[in-house]
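Encoded as structure tokens, the structure appears first; notes follow it.
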Amino acid sequence: MILWFWRAIAGAVLLFGIVLLTACGSLKEVDLTPACPPGVGGGIRDLGSLKGDDAGSGSTAVRRLLESPNFGATSQAVRDLERGIVDQRLIATLWLLSREHRICIQTFKEGHYFLPGVEDGPRIPEGYGKAGGLRNTHYFGRAADVWWVDGKPVEGNATDQNVLEIGEILADIPPGRRPDQTIGPPRWTKALGYGRKKGWVLAPDQLGLHRDHIHIGYMNDSG
Ligand SMILES: [Zn+2]
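Here my numbering is used: the first residue of the sequence shown is 1, the next is one more, and so on.
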């Protein structure tokens with residue numbers, strides 16, 4: 001009996017040690033949102049605020065998206081969703097993507113910067129490729145930056161089948177509801193082969209600026 005007891009203790013200590021080692025090696029990697037990589041994303045943790053009496057904390061579409069295990073977002077992106085800043089068409093598109101793939105959103109409006117240290121405004125700042133002066137869809141809640149697909153960073157996985165499928169799903173959305181400002185890594189864009197008609201931005205300077213994420217945007221407001 002005593003032997004069994006000590007064995008159990010030893011086993012528990014060993015197990016605890018392993019858990020501790022794993023945890024210490026990556027304390028920041030404890031994460032509850034599987035769609036986002038370790039250390040990124042507050043989607044599930046922030047859900048509580050959606051369930052209270054907190055009026056205006058999210059439409060049914062927002063709630064549905066946030067509750068999907070395939071959808072992940074950073075805390076700042078979740079806040080934008082909860083505040084109703086994000087365009088309904090974009091929410092619908094992200095929902096569509098999340099039905100087939102795990103996607104992690106880094107930014108909508110909050111925390112978005114074109115240039116380090118330059119506060120975002122209604123227009124893209126000069127110096128951001130040749131797009132300076134154009135309307136900033138992020139600022140109006142009409143753009144999302146997807147940095148991870150099915151647990152893989154977009155960067156370095158531009159021609160991964162799952163990452164390519166994100167583009168295929170977008171292209172299949174009927175015109176009118178389809179994003180008209182899709183920008184991704186050069187190799188992703190080339191492999192998909194879609195043109196402006198499908199909503200793709202092909203300017204080489206812009207592709208160069210999107211090696212690490214897929215930007216999904218709507219240029220005009222829904223009105
Ligand atoms: Zn973007």
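Where is the CB? At the ideal position from N, CA and C, for every residue including glycine.
Whole-angstrom distance between residue j and residue i, CA atom to CA atom
i, j, result
"H210", "Q181", "12 Å"
"L164", "D150", "11 Å"
"G208", "V78", "27 Å"
"Y218", "I105", "16 Å"
"F71", "A61", "13 Å"
"F108", "G184", "16 Å"
"G39", "K152", "14 Å"
"I166", "I214", "9 Å"
"L230", "K130", "Residue 230 falls outside the range modelled here, since the chain spans only 1 to 223, and no answer is possible."
"P37", "R187", "23 Å"
"V86", "W148", "19 Å"
"D212", "N162", "15 Å"
"Y128", "R99", "33 Å"
"D172", "Y139", "26 Å"
"A92", "P125", "29 Å"
"L170", "K198", "9 Å"
"A35", "N220", "29 Å"
"Q76", "T189", "28 Å"
"D120", "L90", "20 Å"
"D205", "G176", "26 Å"
"L66", "R102", "12 Å"
"Q88", "A144", "12 Å"
"S222", "G156", "34 Å"
"T159", "E168", "12 Å"
Status (buried if at least 16 other CB within 10 Å, exposed otherwise) for residue i
i, result
"V154", "buried"
"L134", "exposed"
"L192", "buried"
"V146", "buried"
"E82", "buried"
"T137", "buried"
"A203", "exposed"
"P69", "exposed"
"G117", "exposed"
"D80", "buried"
"P179", "buried"
"G41", "buried"
"G195", "exposed"
"G141", "buried"
Q. Can you list every residue whose CB sits closer than 6 Å to some heavy atom of ligand 1, going in chain order?
A. Listed along the chain, these residues meet the criterion: H138, A143, D145 and H215.
Q) Mind pulling the alpha helix (DSSP H) runs of 4 or more residues that sit fully within the region 49-99? A) Entirely contained in the region 49-99, the alpha helix (DSSP H) runs reaching 4 residues are, in chain order, 60-67, 75-82 and 88-98.
Q: Report the residue ranges of all beta strand (DSSP E) runs contained in full by the region 95-132; include only those spanning at least 3 residues, in chain order.
A: As summarised for the region 95-132, the continuous beta strand (DSSP E) elements at least 3 residues long and confined to that stretch are 103-107, given in chain order.
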